[in-house]
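Enquirer:
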Amino acid sequence: MEECIYMELQQRQVDDIEFTITSVNPSPDSLEITASGPAGRYGNAFCSYVLESFDGNSGFSHGNGRGFPDEGPMMTGNFVGLWRRDGNKIEIKQLVDIDNGDQNLDIITIDMHTKTVLIRPYILETVTLQ
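Position one of the sequence shown corresponds to residue -2 (the working numbering), numbered consecutively onward.
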């Protein structure tokens, strides 16, 4: 009999982050999506997601972002993860390391028709096995 393992996730902030896609740059082996918008504790943010393809419908992702909060220094984040396409939507599950000390597990849905990016960040430091 298989044993089930559950992870307990805690959201980093109450509201999801919603960005608008500002550009899409295709190349033979990848797709770069840039997006920006208000990002709660990270201020106004600008991100670049590079989707590398295994088969045209899934693959490896990486990128970086900059956040400009109302007070304090600019924040820089780097991320790596995996992506999967379902119709006009792309889902990314990525690990994020931000220079303010935050480490997140982000679940991201990109809607290529509405040109929106919905991000739900979870606190990686609190992920535990139950």
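Glycine included, C-beta positions come from ideal geometry on N, C-alpha and C.
Since the model is a prediction, treat every value here as computed from it, not as a measurement.
Along the beta strand (DSSP E) that carries LEU28, what are the first and last residues, could you check?
Expert: To locate residue 28, count along the sequence shown from 1; it is residue 31. Its beta strand (DSSP E) spans residues 27 to 35.
Enquirer: Are there 16 or more other CB atoms within 10 angstroms of the CB of CYS44, so buried, or fewer, so exposed?
Expert: In the sequence shown, counting from the first residue as 1, residue 44 sits at position 47. Buried, because 16 or more other Cβ atoms sit within 10 Å of the Cβ of CYS44.
Enquirer: Per DSSP, what are the beta-bridge partners of VAL77 in this structure?
Expert: Mapped onto the sequence shown, residue 77 falls at position 80. DSSP lists HIS59 and LEU92 as partners of VAL77.
Enquirer: Quick one: using the 10 Å Cβ neighbour count with 16 as the cut-off for buried, is ASP26 buried or exposed?
Expert: On the sequence shown, position 29 is the one that residue 26 refers to. Flag for ASP26 reads exposed.
Enquirer: Determine the direct distance from the alpha carbon of LEU102 to that of LEU121, and round the result to whole angstroms.
Expert: Here residue 121 refers to the residue found at position 124 when the sequence shown is read from its first residue. Here residue 102 refers to the residue found at position 105 when the sequence shown is read from its first residue. Computed Cα separation, rounded: 5 Å.
Enquirer: Is it the case that the Cβ atoms of GLY62 and PHE76 are separated by a distance below 9 Å?
Expert: Residue 62 sits at position 65 when you count from the first residue of the sequence shown. Residue 76 sits at position 79 when you count from the first residue of the sequence shown. Yes; because the gap between Cβ atoms is below 9 Å, this pair is in contact.
Enquirer: Can you list, in chain order, the residues of its chain with a C-beta nearer than 8 Å to that of THR113? Leave out the 5 residues immediately preceding and following it.
Expert: Numbered from 1 along the sequence shown, position 116 holds the residue referred to as residue 113. So the qualifying residues of the chain are GLU15, PHE16, THR17, ILE18 and ILE107.
Enquirer: How is GLU68 classed by DSSP in three states: helix, strand or coil?
Expert: Along the sequence shown, one-based indexing puts residue 68 at 71. Three-state result, GLU68: coil.
Enquirer: Return the chain-ordered list of same chain residues with a C-beta closer than 6 Å to the C-beta of PRO66, the five sequence neighbours on each side being excluded.
Expert: By 1-based counting over the sequence shown, the position of residue 66 is 69. For PRO66, where only same-chain residues beyond five positions count, the Cβ hits under 6 Å are GLY40.
Enquirer: Note the first and the last residue of the continuous beta strand (DSSP E) segment covering TYR46.
Expert: In the sequence shown, counting from the first residue as 1, residue 46 sits at position 49. Segment 41 to 50, the beta strand (DSSP E) holding TYR46.
Enquirer: I need the DSSP call for LEU143, collapsed to helix, strand or coil.
Expert: Here the chain covers residues -2 to 127 and nothing more, so residue 143 does not appear.
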